[in-house]
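*Asks:* In case it helps, my numbering puts the sequence shown at residues 12 to 358.
Heads up, the beta-carbon is just placed ideally off N, CA and C, and yes, glycines get one too.
Below you will find the structure I want to go over with you.
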Amino acid sequence: MSLPYILTPEAKVPAADRLRAMFNDDKVRIVPELADCMGAKAAEMNGFEVIMVSSGDLACAMTGIPDLQLLSIDDFVRVTEQITHMTPMPLIIDADDGFGLGRALNAQYGCMRIMQAGAAGVLVTDTSELGRKGQLPIPDACLRFRAARAGLDANGHHGFLIARCDSDIINDFEETVERCAAYIDAGADMLCVLWMHKIPSRTKKIEAMRNLRDALNAKGGKYANFPMWYPDLCGKTHDPEEVSMQDLKDLGVYKLTGIHFSCHAAMLAMLDVGRHVLMEQSNDYVDYHFDDTGYKTFTTMSMFGLTDGSWVEAENAFVREPQDSIAQRNADYFVREEDVHNPDKQS
Numbered sequence: 012m013s014l015p016y017i018l019t020p021e022a023k024v025p026a027a028d029r030l031r032a033m034f035n036d037d038k039v040r041i042v043p044e045l046a047d048c049m050g051a052k053a054a055e056m057n058g059f060e061v062i063m064v065s066s067g068d069l070a071c072a073m074t075g076i077p078d079l080q081l082l083s084i085d086d087f088v089r090v091t092e093q094i095t096h097m098t099p100m101p102l103i104i105d106a107d108d109g110f111g112l113g114r115a116l117n118a119q120y121g122c123m124r125i126m127q128a129g130a131a132g133v134l135v136t137d138t139s140e141l142g143r144k145g146q147l148p149i150p151d152a153c154l155r156f157r158a159a160r161a162g163l164d165a166n167g168h169h170g171f172l173i174a175r176c177d178s179d180i181i182n183d184f185e186e187t188v189e190r191c192a193a194y195i196d197a198g199a200d201m202l203c204v205l206w207m208h209k210i211p212s213r214t215k216k217i218e219a220m221r222n223l224r225d226a227l228n229a230k231g232g233k234y235a236n237f238p239m240w241y242p243d244l245c246g247k248t249h250d251p252e253e254v255s256m257q258d259l260k261d262l263g264v265y266k267l268t269g270i271h272f273s274c275h276a277a278m279l280a281m282l283d284v285g286r287h288v289l290m291e292q293s294n295d296y297v298d299y300h301f302d303d304t305g306y307k308t309f310t311t312m313s314m315f316g317l318t319d320g321s322w323v324e325a326e327n328a329f330v331r332e333p334q335d336s337i338a339q340r341n342a343d344y345f346v347r348e349e350d351v352h353n354p355d356k357q358s
């Protein structure tokens, strides 16, 4: 039994350092994009190693408004603190154009705040200012990335910067290469070319990724074998021509790929169960509907430090009698013998 992550007394290796250490192998890691601690806990229990806060999912979950870039820096800081306090998984923040307005100073200040809150790093785009369509000119985009770099490195931190390039790699290949090289010069640790997932052919996607890799390799030095992020890995129903994880691994430079399923799956499940609650006027449906998944729980609360006893142990250390511990009383009631939180290891 161990203490909750936030209460462990050992000094913690900075999240950015833990993230960089993962790239020493040839593995391509799937990064669930999510919005809150519940999504992060599910990702941790599933065995994922890195997570990202999606600005779109966060906007919907926190404000009920789609991704219109109305979130404040404080909104991002709050969720960063909440998630990094409960899991050791490195957390990346989708900062869009640098936390609003596209202004370089916002990017610097926001990145500084995010690092203080415990993040591993951020993804910042080269999109135009004020939500306008298009991209910044290369010099202006580099100013934004340099500002983000300055914020990530403030106060002794060394955060991880993913520079997203929104160029059309098929029709503007030379510009894409120029931008990617310039963003590396501006301090990027990883590149994400968003247009990849818009290419309608798997073969052409792989060709474009290979050509970009080779063009950067030809420059040599720091540009060679530069780490890449593949954007938004889709299911075959949405994109029959999507690349596979093996395709990405074979290219040798792809280290991370984002994937949206957390809030999507949660919303579908809530809609389905809620519909049955209204139709049946009971709460029976949720008790059995997910049995075929192998998971079983009386309440989600049991998954957050009650079943494993971590919060029970933490509170019991400072009460005279176990029943004076709220965590103990919650565990006694909410943890059930029939709960199955890891069906893959269930005997």
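Are there 16 or more other CB atoms within 10 angstroms of the CB of residue 330, so buried, or fewer, so exposed?
*Replies:* By the 10 Å Cβ count, residue 330 comes out exposed.
*Asks:* Using a Cβ-Cβ cutoff of less than 6 Å, which residues in the same chain neighbour residue 266 once the five nearest sequence positions on both sides are dropped?
*Replies:* These residues qualify, in order along the chain: 34, 238.
*Asks:* Residue 121 and residue 87: beta carbons closer than 8 Å?
*Replies:* Going by C-beta atoms, residue 121 is nearer than 8 Å to residue 87.
*Asks:* Since residue 268 and residue 42 are thought to touch, with beta carbons under 8 Å apart, how far apart are those beta carbons, to the nearest angstrom?
*Replies:* Contact flag correct, Cβ pair sits at about 7 Å.
*Asks:* Taking the alpha helix (DSSP H) that residue 140 belongs to, which residues open and close that run?
*Replies:* Taken as a continuous stretch (DSSP letters only), residue 140 belongs to no alpha helix (DSSP H), as it is neither H nor E.
*Asks:* Just to confirm the assignment, what range does the beta strand (DSSP E) spanning residue 176 have?
*Replies:* Where residue 176 is concerned, the enclosing beta strand (DSSP E) stretches over 171–176.
*Asks:* Would you kindly check if the distance between the Cβ of residue 345 and the Cβ of residue 301 is under 8 Å?
*Replies:* No; because the gap between Cβ atoms is not below 8 Å, this pair is not in contact.
*Asks:* Please list, in chain order, all residues of the same chain as residue 250 whose beta carbon is under 8 Å from its beta carbon, the five residues on each side excluded.
*Replies:* Excluding sequence neighbours, residue 250 sits near 208.
*Asks:* List, from N- to C-terminal side, the beta strand (DSSP E) runs of 3 residues or more that fit wholly inside the region 209–243.
*Replies:* You should have 239–241.
*Asks:* Going straight from the alpha carbon of residue 253 to that of residue 137, what length do you get?
*Replies:* Looking at the two C-alpha atoms, the distance is approximately 24 Å.
*Asks:* Run through DSSP, which three-state label would residue 268 get?
*Replies:* Residue state, collapsed to three classes: strand.
*Asks:* For residue 105 versus residue 134, is the C-beta distance shorter than 8 Å?
*Replies:* Yes, the Cβ-Cβ distance between residue 105 and residue 134 is below 8 Å.
*Asks:* Let me know the secondary structure DSSP gives residue 351 once reduced to three states.
*Replies:* If DSSP states are grouped into helix, strand and coil, residue 351 belongs with the strands.
*Asks:* Do residue 313 and residue 350 have their beta-carbon atoms positioned less than 8 Å apart in this structure?
*Replies:* In contact: residue 350 and residue 313 (Cβ atoms closer than 8 Å).
*Asks:* Taking the continuous beta strand (DSSP E) assigned at residue 360, which residues delimit it?
*Replies:* The chain is shown only over 12 to 358; residue 360 falls outside these bounds and no answer can be derived.
*Asks:* By DSSP, does residue 134 sit in helix, in strand, or in coil?
*Replies:* Here residue 134 sits in strand by DSSP.
*Asks:* Going by beta-carbon coordinates alone, are residue 95 and residue 128 separated by less than 8 Å?
*Replies:* Yes, they are a contact pair.
*Asks:* By Cβ distance, which residues of its chain are closer than 6 Å to residue 93, with the 5 residues on each side in sequence left out?
*Replies:* Excluding sequence neighbours, residue 93 sits near 48.
*Asks:* Excluding the 5 residues preceding and the 5 following residue 162 in the sequence, name in chain order all residues of the same chain whose CB lies nearer than 6 Å to its CB.
*Replies:* Same-chain partners within the cutoff: 119, 122, 123.
*Asks:* Assuming the contact rule is C-beta atoms closer than 8 Å, residue 181 and residue 131 should be a hit. Round their C-beta distance to whole Å, please.
*Replies:* That pair is no contact at about 32 Å.
*Asks:* Could you tell me the alpha carbon to alpha carbon distance between residue 140 and residue 115, rounded to whole angstroms?
*Replies:* So the two alpha carbons sit approximately 10 Å from each other.
*Asks:* Could you pull out every unbroken beta strand (DSSP E) segment of at least 3 residues lying fully inside the region 70–125, listed in chain order?
*Replies:* For the region 70–125, whole beta strand (DSSP E) runs of length 3 or above, ordered along the chain, are 102–105.
*Asks:* Can you tell me whether DSSP reads residue 44 as helix, strand or coil?
*Replies:* Residue 44 falls in the strand class under three-state DSSP.
*Asks:* Under a CB-based cut-off of 8 Å, is residue 152 close to chain D?
*Replies:* Given the protein chain composition of this structure (a single chain), no chain D is represented.
*Asks:* Reducing DSSP to helix, strand and coil, say where residue 292 ends up.
*Replies:* Looking at residue 292 - three-state DSSP - the assignment turns out to be coil, as it is neither helix nor strand.
*Asks:* Of the residues 79, 159, 72, which one's Cα is nearest the Cα of residue 2?
*Replies:* Lying before the first or after the last residue shown, residue 2 is absent from the chain, which here runs from 12 to 358.
*Asks:* Do you know offhand how far residue 149's Cα is from residue 187's?
*Replies:* Between residue 149 and residue 187, the C-alpha separation is close to 10 Å.
*Asks:* Between residue 245 and residue 205, how many whole angstroms is the CB-CB distance? I'm expecting something under 8 Å.
*Replies:* Contact doesn't hold; Cβ gap of about 13 Å is too wide.
*Asks:* What three-state label does DSSP hand residue 64 in the structure shown?
*Replies:* Looking at residue 64 - three-state DSSP - the assignment turns out to be strand.
*Asks:* Just tell me which of 25, 54, 28 has its CA closest to the CA of residue 271.
*Replies:* Cα-wise, what sits closest to residue 271 is 54.
*Asks:* What beta strand (DSSP E) runs, 3 residues minimum, are completely inside the region 177–210?
*Replies:* 201–204, all fully within the region 177–210.
*Asks:* If distances are taken between C-alpha atoms only, which option among 284, 260, 99 comes closest to residue 29?
*Replies:* For the residues 284, 260, 99, the minimum Cα distance to residue 29 belongs to 99.
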